[in-house]
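Chemist: In my numbering, the protein residues as written are 4 to 385. Where a beta carbon is used, it is the ideal one built from N, C-alpha and C, also for glycine. Since the structure is predicted, the reported quantities are computational estimates derived from the model, not experimental observations.
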């Protein structure tokens, strides 16, 4: 009998847990992980790295040694299309086609507005890992080049990630005894518009105290090498532009013949299986969970879904056992790194902050990354 094959598409938070599960107990199938990057950067630690608090290694999870520790084949390639029916499918990549009995998608999301003129040529982002490294290097180069002249940065998108990056950029430049001019742009009426008014106002006050200019109720018309032009006609000087807008499905996912919602996300039921019965499961930002339209695209929920996905993939490929269901809570703890050794904690309508909140964030994030680093030791890789 031919051995069954599970193909994991993407190296997101949920698939990392699948690898951990495979390292503990081998799946009854060949497992292949396909990712365009050999590194998974833990987004929660990016601000601490950008402001110089932690090393690049402290937010990086290497997929190849993790796969080897789990007995999984790693393929570094980009995906162009996924096709599947109830019996299996095929994953089309730059490294060839991979037939599969079961396919799992955990590919995160792209960012909205990438078709804005100038974005492809002049913008930095948090993904992929290479762009993040280039951003840090560019800021450091500007600090040296500009001398007494200000280093200007524009962050587009005022969600948690955008706010943390704006604060971290300001911290990195000013720590080098240089002048930082940081702007934050968002189409919403205020930063963190999905939070309650009190929490949002608290963050806005903090941004104002740091001298970060907030441009709300507007969007970007075009980006050039050293300027960002807004839809309302204003022009912002920007030596560095970072794009942290809302999530958008990857183009290849939108064009794949799968069960997708109107926006292009994979529709899954509570067991994380495709709603139309195809041999596809998914987790993380790339899914639309039936019955939970409120579910935010956040790494917190990908981590929470991970054990359910790992269990259900094992059931799917081995053909035995009961499927578990993912029932997410509407509340999750958000910890916003304010780039000064403090953080803001937000839970429901509760908001507080201080050094204790940063310590809590540092412990949670550090424990998560180190947990995967420890798996490397099994094969003598550091």
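1. Residue 31 to residue 320, Cα distance in whole Å?
2. Below 8 Å CB to CB, which residues in the same chain sit around residue 371 once its five sequence neighbours on both sides are set aside?
3. List the endpoints of the continuous beta strand (DSSP E) containing residue 340.
4. I need the straight-line Cα distance from residue 145 to residue 236, nearest angstrom please.
5. Among residues of its own chain, excluding the 5 on either side of residue 346, which ones have a beta-carbon nearer than 7 Å to its beta-carbon?
6. Can you tell me the Cα-Cα spacing of residue 373 and residue 366, whole angstroms?
7. Starting from residue 378, trace the beta strand (DSSP E) both ways and give me its first and last residue.
8. Going by the DSSP bridge assignment, what does residue 270 pair with across the sheet?
9. Please look up how many angstroms separate the CB atoms of residue 231 and residue 176, rounded, as I've assumed it's under 8 Å.
10. Using a Cβ-Cβ cut-off of 6 Å (strictly less than) and excluding sequence neighbours within five positions of residue 104, which residues of its own chain qualify?
11. Buried or exposed for residue 266, going by 16 or more other Cβ atoms inside 10 Å?
12. DSSP has residue 63 in a bridge; who is on the other side?
13. Would you say the stretch 50 to 63 touches the stretch 219 to 233, given that touching needs at least three Cβ pairs under 8 Å?
14. Quick one: what's residue 350 bridged to in DSSP?
15. Where does residue 12 land, buried or exposed, given buried means 16+ other C-beta within 10 angstroms?
16. Leaving aside the five residues before and after residue 278 along the sequence, list all residues of the same chain whose C-beta is less than 8 Å from its C-beta, in chain order.
17. Between residue 333 and residue 191, what straight-line distance do the alpha-carbon atoms span, to the nearest angstrom?
18. Distance check for residue 222 and residue 390, CA to CA, integer angstroms please.
19. Using DSSP with H/G/I as helix, E/B as strand and the rest coil, what is residue 244?
20. May I ask which residues mark the beginning and end of the beta strand (DSSP E) holding residue 218?
21. Could you pull the DSSP bridge partners for residue 88 from this structure?
Modeler: Reading off the structure:
1. Counting from one through the chain shown, the residue named residue 31 turns up at place 28. Counting from one through the chain shown, the residue named residue 320 turns up at place 317. So the two alpha carbons sit approximately 7 Å from each other.
2. In the chain shown, residue 371 corresponds to position 368, counting from 1. The answer, listed in chain order, is 45, 47 and 306.
3. The sequence position of residue 340 within the chain shown is 337, counting from 1. Where residue 340 is concerned, the enclosing beta strand (DSSP E) stretches over 337 to 340.
4. Translated into positions along the chain shown, residue 145 becomes position 142. Translated into positions along the chain shown, residue 236 becomes position 233. Taking the straight line joining both Cα atoms gives about 27 Å.
5. Along the chain shown, read from residue 1 onward, the residue named residue 346 stands at position 343. Same-chain partners within the cutoff: 338, 339, 340, 356, 360, 361 and 364.
6. Sequence index remark: in the chain shown, residue 373 carries index 370 (1-based). Sequence index remark: in the chain shown, residue 366 carries index 363 (1-based). Approximately 10 Å, taken between the alpha carbons.
7. The residue you call residue 378 lines up with position 375 of the chain shown. Here residue 378 belongs to no beta strand (DSSP E); instead the alpha helix (DSSP H) covers 358 to 379.
8. Sequence index remark: in the chain shown, residue 270 carries index 267 (1-based). Looking at the DSSP assignment, residue 270 forms a beta bridge with 291.
9. Taking the first residue of the chain shown as 1, we reach residue 231 at position 228. Taking the first residue of the chain shown as 1, we reach residue 176 at position 173. In fact, because the Cβ distance is near 17 Å, the residues do not count as touching under 8 Å.
10. Taking the chain shown and counting its residues from 1, the one referred to as residue 104 is at position 101. Result list for residue 104: 7, 8 and 91, in chain order.
11. Translated into the one-based positions of the chain shown, residue 266 becomes position 263. Looking at its Cβ environment, which holds fewer than 16 other Cβ atoms inside 10 Å, residue 266 is exposed.
12. Here residue 63 refers to the residue found at position 60 when the chain shown is read from its first residue. Beta-bridge pairing links residue 63 to 44.
13. no
14. On the chain shown, position 347 is the one that residue 350 refers to. Bridge partners of residue 350: 353.
15. If you number the chain shown from 1, residue 12 lands on position 9. Per the 10 Å Cβ criterion, buried.
16. Here residue 278 refers to the residue found at position 275 of the chain shown. The answer, listed in chain order, is 262, 270, 271, 272 and 293.
17. Within the chain shown, residue 333 is the residue found at index 330, counting from 1. Within the chain shown, residue 191 is the residue found at index 188, counting from 1. The straight-line gap from Cα to Cα measures roughly 22 Å.
18. No information on residue 390 is available, as it lies outside the stretch 4 to 385 that the chain covers here.
19. In the chain shown, counting from the first residue as 1, residue 244 sits at position 241. Three-state result, residue 244: strand.
20. One-based indexing of the chain shown puts residue 218 at position 215. Note, residue 218: beta strand (DSSP E), 216 to 218.
21. The sequence position of residue 88 within the chain shown is 85, counting from 1. Residue 88 pairs with 91.
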